[in-house]
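Per this note's numbering, numbering of the sequence shown is gapless, rising by one per residue and ending at 136. From the three backbone atoms N, C-alpha and C, an ideal C-beta is built for every residue, glycine too. In this text, all values refer to a predicted model and were calculated from it rather than measured experimentally.
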Amino acid sequence: MSHSAPCPVSLADEITRQLGQLADHLSQLPPPQAAQVIARVLDPDAGVLGGVTHLVATGSVFAKDQAERGTLPAEVWLALGRASNELHDITLDLDEHQDTLQRVGTQPAPTAAKPPAPAPLVVRRRR
Numbered sequence: 010m011s012h013s014a015p016c017p018v019s020l021a022d023e024i025t026r027q028l029g030q031l032a033d034h035l036s037q038l039p040p041p042q043a044a045q046v047i048a049r050v051l052d053p054d055a056g057v058l059g060g061v062t063h064l065v066a067t068g069s070v071f072a073k074d075q076a077e078r079g080t081l082p083a084e085v086w087l088a089l090g091r092a093s094n095e096l097h098d099i100t101l102d103l104d105e106h107q108d109t110l111q112r113v114g115t116q117p118a119p120t121a122a123k124p125p126a127p128a129p130l131v132v133r134r135r136r
């Protein structure tokens, strides 16, 4: 017995719902497990961000075709193309941190008596 593919609109709604659930879980996870989840989400090849980037790029191809036919304004295609390019760049930027997130996600919980010192969140550049 073959299963029919779910309605694409329902599928998009379900994915959105599950992403919300994942965000809710993420906020409650211990740091090593949260780092593992984030590393998976940001994986450029098999992660959510890579999947969303691919989806927006596919939407851009669709919008280009429709803009050429006159059924969509060219601005829609241009906006989707710009979003696709920016997401791709973001994916590349975040990929630089993939190893660090994976390493943090596999480290055993610290047993030190005092917590580690917090790291500064802003790095100043020398001119």
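Thinking residue i and residue j are a contact (beta carbons under 8 Å), I'd like their distance in whole angstroms, please.
{"i": "ASP22", "j": "GLN107", "result": "Actually they are not in contact, since the Cβ atoms of ASP22 and GLN107 sit about 29 Å apart, beyond 8 Å."}
Let me confirm a value: residue i is counted as buried when at least 16 other C-beta atoms fall within 10 Å, else exposed. Which label applies?
{"i": "PRO127", "result": "exposed"}
{"i": "LEU38", "result": "exposed"}
{"i": "MET10", "result": "In this predicted model, MET10 has a pLDDT of only 48, less than 50, meaning its place in the structure is not dependable; the value taken from the coordinates is given anyway. With fewer than 16 other Cβ atoms within 10 Å, it is exposed."}
{"i": "LEU35", "result": "exposed"}
{"i": "ALA72", "result": "buried"}
{"i": "ILE99", "result": "exposed"}
My output table needs one value for residue i: the three-state DSSP class, helix, strand or coil.
{"i": "GLN37", "result": "coil"}
{"i": "ALA72", "result": "helix"}
{"i": "ALA21", "result": "helix"}
{"i": "GLY60", "result": "helix"}
{"i": "LEU28", "result": "helix"}
{"i": "THR80", "result": "coil"}
{"i": "LEU51", "result": "helix"}
{"i": "ALA7", "result": "In the structure as shown, the chain begins at 10 and stops at 136. Residue 7 is therefore absent and cannot be evaluated."}
{"i": "ALA126", "result": "coil"}
Is the distance from the Cβ of residue i to the Cβ of residue j below 8 Å?
{"i": "GLY56", "j": "ARG49", "result": "yes"}
{"i": "VAL65", "j": "ALA92", "result": "yes"}
{"i": "THR67", "j": "LEU96", "result": "no"}
{"i": "LEU110", "j": "ALA32", "result": "no"}
{"i": "SER69", "j": "LEU101", "result": "no"}
Terminal residues of the continuous alpha helix (DSSP H) containing residue i?
{"i": "LEU89", "result": "83 to 104"}
{"i": "GLY114", "result": "107 to 115"}
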